[in-house]
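Step one of this worksheet: look at the structure below.
2 protein chains.
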Amino acid sequence: MLYDFRSFVNPGHYAFGKGTFNHLGELIDRRKTPTNDWTVFMIDHFFQDKENILNRIPKSDKDLVIFIDSTEEPKTTLVNKYRDQILAHQDTLPAVMVGMGGGTAMDYAKSTGLMVTNPGDSKDYQGLDLIKNEGIYTICIPTITGTGAEVSMTAVLSGPEKKLGIKCDYTIPNEVIFDPELLATVPNEDRFFTGMDNFIHNVESMNGSWINSMGLAFAEKSNDITVEVFMNKYRDQLEADEKMMVASIMGGNSTTYGQVGVCHALSYGLAVVLGTHHGVGNCIVFNQLEKYYPEGYKTFKEMQAAQGVEIPANITAGCTEEQFDQMVEISWALEHMWDNAFGHDWKNKISKEEIKDLFKRM
Amino acid sequence: MLYDFRSFVNPGHYAFGKGTFNHLGELIDRRKTPTNDWTVFMIDHFFQDKENILNRIPKSDKDLVIFIDSTEEPKTTLVNKYRDQILAHQDTLPAVMVGMGGGTAMDYAKSTGLMVTNPGDSKDYQGLDLIKNEGIYTICIPTITGTGAEVSMTAVLSGPEKKLGIKCDYTIPNEVIFDPELLATVPNEDRFFTGMDNFIHNVESMNGSWINSMGLAFAEKSNDITVEVFMNKYRDQLEADEKMMVASIMGGNSTTYGQVGVCHALSYGLAVVLGTHHGVGNCIVFNQLEKYYPEGYKTFKEMQAAQGVEIPANITAGCTEEQFDQMVEISWALEHMWDNAFGHDWKNKISKEEIKDLFKRM
Chain L
1 MLYDFRSFVN PGHYAFGKGT FNHLGELIDR RKTPTNDWTV FMIDHFFQDK ENILNRIPKS
61 DKDLVIFIDS TEEPKTTLVN KYRDQILAHQ DTLPAVMVGM GGGTAMDYAK STGLMVTNPG
121 DSKDYQGLDL IKNEGIYTIC IPTITGTGAE VSMTAVLSGP EKKLGIKCDY TIPNEVIFDP
181 ELLATVPNED RFFTGMDNFI HNVESMNGSW INSMGLAFAE KSNDITVEVF MNKYRDQLEA
241 DEKMMVASIM GGNSTTYGQV GVCHALSYGL AVVLGTHHGV GNCIVFNQLE KYYPEGYKTF
301 KEMQAAQGVE IPANITAGCT EEQFDQMVEI SWALEHMWDN AFGHDWKNKI SKEEIKDLFK
361 RM
Chain Z
1 MLYDFRSFVN PGHYAFGKGT FNHLGELIDR RKTPTNDWTV FMIDHFFQDK ENILNRIPKS
61 DKDLVIFIDS TEEPKTTLVN KYRDQILAHQ DTLPAVMVGM GGGTAMDYAK STGLMVTNPG
121 DSKDYQGLDL IKNEGIYTIC IPTITGTGAE VSMTAVLSGP EKKLGIKCDY TIPNEVIFDP
181 ELLATVPNED RFFTGMDNFI HNVESMNGSW INSMGLAFAE KSNDITVEVF MNKYRDQLEA
241 DEKMMVASIM GGNSTTYGQV GVCHALSYGL AVVLGTHHGV GNCIVFNQLE KYYPEGYKTF
301 KEMQAAQGVE IPANITAGCT EEQFDQMVEI SWALEHMWDN AFGHDWKNKI SKEEIKDLFK
361 RM
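The listed protein sequences correspond, in order, to chains L and Z.
For the first sequence, full-length UniProt numbering assigns the number 1 to the initial residue and increments by one for each residue that follows.
For the second sequence, full-length UniProt numbering assigns the number 1 to the initial residue and increments by one for each residue that follows.
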């Protein structure tokens, strides 16, 4: 277990349902003060040319809009850069940070909102409870489901040395708007990859040693819903998207009381060395993990077949031995994930050779 | 629906698991300030002679302990009285209110903590969003599971005119300690009645028209767990109690996004006229509701048989016609519950005669 004892913070507010996005301006206004009266919008670049969405964003003249390139994983260097941009934008601090998009945009909003009130380099805060001061009030608006970032106490960042989250009570979003209509334009493949990210972290936490009854119940229900969605139980896309929003909330809550495992440890290696995006990276890895998660693997393959999505193969074909070794070392260092997967004696259960061999098959 | 739009507040913190009660003192100390440095403990009178529990309560000389008689439903008159007692106890306001027990003790803590900072009579706050000021930081510690009070935005009170909750964002507890060891001494019959309260409100919200996907997912999982527990899937009592804590959290969350129905409307009538306690009252009513909730009724009877618990019968046998009419009027006035159960045209779906007939069979 990571904690002897912890009283976990819950996300502050949930606005759930079709049309809730229309109330964003109202929720922002509630948090403004006479001095702190402006907003930072960090929005997935996917929406950069989507006038129908951009026009609905309640932007005033004082506000700052930053479009987030979500083709790359969030980086500590960019968090620092955005922080500087925000501090230079007005004489006062913003009242609200809005993170709108997938895990990348939301994690940028969560982490940059903290760096505005905590001095120094964001890489120095990668880890548990290193943040000292509460950040800017953060509203997350997921536009793709399954990341869990909208409810989690982690903002995952890739730094110069490691991919590791800023994890503390203050990282939890203060408010989340769950509007399934915002998911309408998600490409089916992306829907699948992030949905599977949710499925996989639930499988890892359910099969891990760190889970408790609360995390287990959340993970089980989250995956029941995920399977219904990707086995096409819901014929109406809006309904399916709304259901997956619930699955994502429950999956995110589950990780609070559990921990990820083999798949995330390996996919962090891919992310740092090859820049592989989180959702698809997890699918590439999980596709090789039948031995460790046989039941989850079987269900995963059924959903993949039902969706007709191809999982990229041979992405490590051109890697050097040095690159493979680097991936192995990055994965191996994520002790908490291995401990959850195999128990305290995890070093007797898996070897670096075995891990390297898995990377070579990807 | 009750709300055109609402961004719902979540409970602030959850400390979950065996042994978390040992950390109560630590959680209280975090909330103390130089001026507000004392605590009010509202504890179910059941623990009045339980030295092994009382000795573990981190009480200091300045603190106030109030034992709550949970044989009666929470009353507005007593909330006012406790508020006066708290205001007279020290020159400053308390830092923390602790509510430890079942729904009664927790609802007293939630509502009295609000009345300390809001002037006047608590009966004037029965309803939605009538409270103006945030209350005292409230920590709830359930010692029986299924009430949902530990996570809900309602503190149900019986006033001179009506049984109706104080319901607003500020009613949500700031922190909850879920320690299944505290449930060890609950009599089996009480475990059943409050567990069934949870089961019933889930059935009502799942079968109502107000539910959304979030409330539905919570209610479904809550009842899956409740059925496992009362069909004796868990042979170890501590494990069963921990599972029911999760079911109660999820059931409580479900009511945020849904609404109760026929059973609660009728049981409020019993509560006001006969003083019938909430959990057992709901079972007495639900025992007559096969027509309205056929599936839920069937499962309820299976659990009752598995637990070997008797549901009290003929409790209205000695009632006058006047009393029956009073029960009917109290139930009939709970329009939101009927609307949820039958839709906007509920007055075409059920009549006062039918309701009276149901009361006569109880």
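Don't be surprised by glycine CBs; every beta carbon is placed ideally from N, CA and C.
Here the structure is a predicted model, which means the values were calculated and not measured.
Do residue i and residue j have their CB atoms nearer than 8 angstroms?
{"i": "S254 of chain Z", "j": "S222 of chain Z", "result": "yes"}
{"i": "D179 of chain Z", "j": "F342 of chain Z", "result": "no"}
{"i": "L93 of chain Z", "j": "Q126 of chain Z", "result": "no"}
{"i": "G148 of chain L", "j": "G252 of chain L", "result": "yes"}
{"i": "A155 of chain Z", "j": "S209 of chain Z", "result": "no"}
{"i": "A105 of chain L", "j": "I43 of chain L", "result": "yes"}
{"i": "I68 of chain L", "j": "H45 of chain L", "result": "yes"}
{"i": "T299 of chain L", "j": "V227 of chain L", "result": "yes"}
{"i": "V116 of chain L", "j": "R31 of chain L", "result": "no"}
{"i": "P11 of chain Z", "j": "N55 of chain L", "result": "no"}
{"i": "F41 of chain Z", "j": "I53 of chain Z", "result": "no"}
{"i": "I131 of chain Z", "j": "Y170 of chain Z", "result": "yes"}
{"i": "M362 of chain L", "j": "Q288 of chain L", "result": "yes"}
{"i": "K167 of chain L", "j": "L128 of chain L", "result": "yes"}
{"i": "M244 of chain Z", "j": "A306 of chain Z", "result": "no"}
Per DSSP, which residues does residue i bridge with? Please list them.
{"i": "K75 of chain L", "result": "L:S158"}
{"i": "F359 of chain L", "result": "According to DSSP, which records beta bridges pairwise, F359 of chain L is partnered with nothing at all."}
{"i": "P142 of chain L", "result": "L:G101"}
{"i": "E302 of chain Z", "result": "The partner list for E302 of chain Z (beta bridge, DSSP) is empty, contrary to what the question assumes."}
{"i": "K50 of chain Z", "result": "Its beta-bridge partners do not exist; DSSP assigns none."}
{"i": "E128 of chain Z", "result": "Reading off the sequence shown, one finds Leu at residue 128 of chain Z, where the question assumed Glu. Z:K167."}
{"i": "F8 of chain L", "result": "Z:Y14"}
{"i": "V96 of chain Z", "result": "Z:T39, Z:Y137"}
At which residues does the beta strand (DSSP E) containing residue i begin and terminate?
{"i": "C168 of chain Z", "result": "No beta strand (DSSP E) contains C168 of chain Z, which DSSP labels as neither H nor E."}
{"i": "D44 of chain Z", "result": "39-44"}
{"i": "F178 of chain L", "result": "175-178"}
Just to confirm the assignment, what range does the alpha helix (DSSP H) spanning residue i have?
{"i": "I68 of chain Z", "result": "Here I68 of chain Z belongs to no alpha helix (DSSP H); instead the beta strand (DSSP E) covers 64-68."}
{"i": "F16 of chain L", "result": "Segment 13-16 is the beta strand (DSSP E) holding F16 of chain L; no alpha helix (DSSP H) there."}
{"i": "I249 of chain L", "result": "237-256"}
{"i": "E322 of chain Z", "result": "321-332"}
{"i": "I28 of chain L", "result": "24-31"}
{"i": "L270 of chain Z", "result": "262-274"}
{"i": "F286 of chain Z", "result": "278-286"}
{"i": "N188 of chain Z", "result": "188-206"}
{"i": "S222 of chain Z", "result": "213-230"}
{"i": "N340 of chain L", "result": "335-342"}
Using beta carbons (cut-off 8 angstroms, strictly below), is residue i in contact with chain L?
{"i": "A15 of chain Z", "result": "yes"}
{"i": "S213 of chain Z", "result": "yes"}
{"i": "G99 of chain Z", "result": "no"}
{"i": "D106 of chain Z", "result": "For the record, residue 106 of chain Z in the displayed sequence is Met; it is not Asp. Cβ-Cβ to chain L under 8 angstroms: no for M106 of chain Z."}
{"i": "A217 of chain Z", "result": "yes"}
{"i": "H201 of chain Z", "result": "no"}
{"i": "E295 of chain Z", "result": "no"}
{"i": "I225 of chain Z", "result": "yes"}
{"i": "F134 of chain Z", "result": "According to the sequence shown, residue 134 of chain Z is Glu rather than Phe. With 8 angstroms as the cut-off, E134 of chain Z does not count as an interface residue toward chain L."}
{"i": "F67 of chain Z", "result": "no"}
{"i": "T299 of chain Z", "result": "no"}
{"i": "V246 of chain Z", "result": "yes"}
Whole-angstrom Cβ separation of residue i and residue j, contact assumed at under 8 angstroms?
{"i": "I355 of chain L", "j": "S331 of chain L", "result": "6 angstroms"}
{"i": "V262 of chain Z", "j": "E204 of chain Z", "result": "7 angstroms"}
{"i": "V328 of chain Z", "j": "F359 of chain Z", "result": "7 angstroms"}
{"i": "A269 of chain L", "j": "D197 of chain L", "result": "Rather than Ala, the amino acid found at residue 269 of chain L in this sequence is Gly. Wrong, their Cβ atoms sit about 16 angstroms apart, outside the cutoff."}
{"i": "I177 of chain L", "j": "I139 of chain L", "result": "7 angstroms"}
{"i": "residue 373 of chain Z", "j": "V260 of chain Z", "result": "As displayed, chain Z neither begins before 1 nor continues past 362, which places residue 373 of chain Z out of reach and without an answer."}
Quick one: is residue i near chain Z, going by C-beta distance under 8 angstroms?
{"i": "L182 of chain L", "result": "no"}
{"i": "Y234 of chain L", "result": "no"}
{"i": "N174 of chain L", "result": "no"}
{"i": "M250 of chain L", "result": "yes"}
{"i": "Y257 of chain L", "result": "yes"}
{"i": "L24 of chain L", "result": "no"}
{"i": "E242 of chain L", "result": "yes"}
{"i": "K81 of chain L", "result": "no"}
{"i": "L238 of chain L", "result": "no"}
{"i": "K221 of chain L", "result": "yes"}
List the residues of chain C whose Cβ lies closer than 9 angstroms to the Cβ of residue i, in chain order.
{"i": "V9 of chain Z", "result": "The displayed structure is made up of protein chains L and Z, and chain C is not among them."}
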